[in-house]
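**Q**
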Amino acid sequence: GFGWTENQPLRLSGLTLAGRDMSLAGDLSVDNLAKGADVSADLALDLRRLANFAQLSGQPLAGAATGRISGTATLLSGAFDLTTDITGQDLKIGQPQADNLLSGTAKITASARRDETGLTLRSLTANARNLTAQAQGLQNFYVLSAQKLVPPALRMLLADPQVRVDGFILPGHVSVVTG
């Protein structure tokens with residue numbers, strides 16, 4: 113239902129949003145519009161075709177995901193305190209190594225907070241057929257995903273008659289000496 117009283121949050125309980133191959137259902141409240149729009153939510157999501165979000169994300173997404181997201185966020189400041197519990201099936205992000213790790217059924221749970229002191233990852237657990245990862249208590253960390261394909265760069269260098277290369281030494285996780 114819908115509930116609002118002056119000087120009280122706008123409450124949307126039993127909210128259901130449905131679209132092409134997706135649904136979002138649960139409770140949502142919005143308060144403090146004058147100072148940043150505080151949002152509280154407890155939502156279940158069902159994304160049956162992640163490819164529908166590829167253009168939005170800028171990544172060639174694939175697979176499906178279901179789960180819950182709950183917590184609070186302040187839209188103006190970007191602050192949040194969220195927990196998630198997501199189960200994915202055949203997830204793909206267009207990066208072969210990650211796609212291989214996430215193949216089959218993948219379960220990801222996380223609890224994180226961002227406020228004026230920084231970002232805190234209270235807990236993260238990811239389990240899939242080819243992946244088991246766990247972290248907790250990380251503070252003020254930053255993840256820079258710089259996924260690059262090496263072969264196209266090597267082909268470009270080798271095709272340039274001005275570049276004289278005798279061999280390549282590549283990073284240790286894919287250690288190869290060519291030449």
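My numbering puts the last residue of the sequence shown at 291; the count rises by one with no breaks.
Here a beta-carbon is modelled for each residue, glycine too, at the ideal position from N, C-alpha and C.
#1: To which residues of the same chain is Val286 closer than 7 Å at the C-beta, ignoring the five residues directly before and after it?
#2: Any idea what DSSP makes of Asp272, helix, strand or coil?
#3: Given Ser235, which residues of its chain have a CB within under 6 Å of its CB, disregarding the five upstream and five downstream residues?
#4: Please report the distance separating the alpha-carbon of Leu225 from that of Asp150.
#5: Based on DSSP bridge pairs, tell me the residues matched to Gly190.
#6: Can you round the beta-carbon distance between Ala156 and Gly138 to whole angstroms, since I take them to be within the 8 Å contact cut?
#7: How about Gly216 and Asp197: are their beta carbons less than 8 Å apart?
#8: In three-state DSSP terms, what is Leu168?
#9: Using the Cα positions of Thr117 and Ala153, report the straight-line distance between them to the nearest angstrom.
#10: Name, in chain order, the residues that DSSP records as bridge partners for Gly138.
#11: Name the one or two DSSP bridge partners that Gly216 has.
#12: So Gly148 is in the beta strand (DSSP E); what residue range does that whole segment cover?
#13: So Thr237 is in the beta strand (DSSP E); what residue range does that whole segment cover?
#14: Which value, in whole angstroms, describes the spacing of the CA atoms of Leu203 and Ser125?
#15: Answer with buried or exposed for Leu129, where buried requires no fewer than 16 other C-beta atoms within 10 angstroms of its C-beta.
#16: Identify which residue in Leu145, Pro208, Ile181, Ala166 has its Cα closest to the Cα of Ser189.
**A** Quick answer:
#1: Numbered from its first residue, the sequence shown carries residue 286 at position 174. Model confidence at Val286 stands at a pLDDT of 43, short of 50, so the residue's coordinates are unreliable and nothing is read from them.
#2: Within the sequence shown, residue 272 is the residue found at index 160, counting from 1. Coil.
#3: As a working note, residue 235 is residue 123 in the sequence shown. So the list reads Ser223, Gln248, once near-sequence residues are dropped.
#4: Within the sequence shown, residue 225 is the residue found at index 113, counting from 1. Within the sequence shown, residue 150 is the residue found at index 38, counting from 1. Contrary to the premise, residue 225 reads as Arg rather than Leu in this sequence. Each residue's alpha carbon lies about 14 Å from the other.
#5: Position 78 of the sequence shown, counting from 1, holds the residue named residue 190. Gly190 is not bridged to any residue.
#6: As a position in the sequence shown, residue 156 is number 44, starting the count at 1. As a position in the sequence shown, residue 138 is number 26, starting the count at 1. That pair is a contact at about 5 Å.
#7: Reading the sequence shown from its first residue, position 104 is the one you call residue 216. Reading the sequence shown from its first residue, position 85 is the one you call residue 197. The Cβ-Cβ distance between Gly216 and Asp197 does not fall below 8 Å.
#8: Translated into positions along the sequence shown, residue 168 becomes position 56. Helix.
#9: Here residue 117 corresponds to residue number 5 of the sequence shown, with the count starting at 1. Here residue 153 corresponds to residue number 41 of the sequence shown, with the count starting at 1. Cα to Cα, Thr117 sits roughly 19 Å from Ala153.
#10: Numbered from 1 along the sequence shown, position 26 holds the residue referred to as residue 138. In the DSSP output, where bridge partners are listed per residue, Gly138 has Leu127, Leu155.
#11: Numbered from its first residue, the sequence shown carries residue 216 at position 104. In DSSP, Gly216 forms no bridge with anything.
#12: Position 36 of the sequence shown, counted from the first residue, corresponds to residue 148. Per DSSP, Gly148 belongs to no beta strand (DSSP E) and is neither H nor E.
#13: In the sequence shown, counting from the first residue as 1, residue 237 sits at position 125. 230-240 is the span of the beta strand (DSSP E), which, as asked, contains Thr237.
#14: Residue mapping note: residue 203 aligns to position 91 of the sequence shown, counting from 1. Residue mapping note: residue 125 aligns to position 13 of the sequence shown, counting from 1. Distance between the alpha carbons of Leu203 and Ser125 is about 30 Å.
#15: In the sequence shown, residue 129 corresponds to position 17, counting from 1. Label assigned to Leu129: exposed.
#16: As a first step, residue 189 is located in the sequence shown; it is residue number 77 there, counting from the start. The option with the nearest alpha carbon to Ser189 is Leu145.
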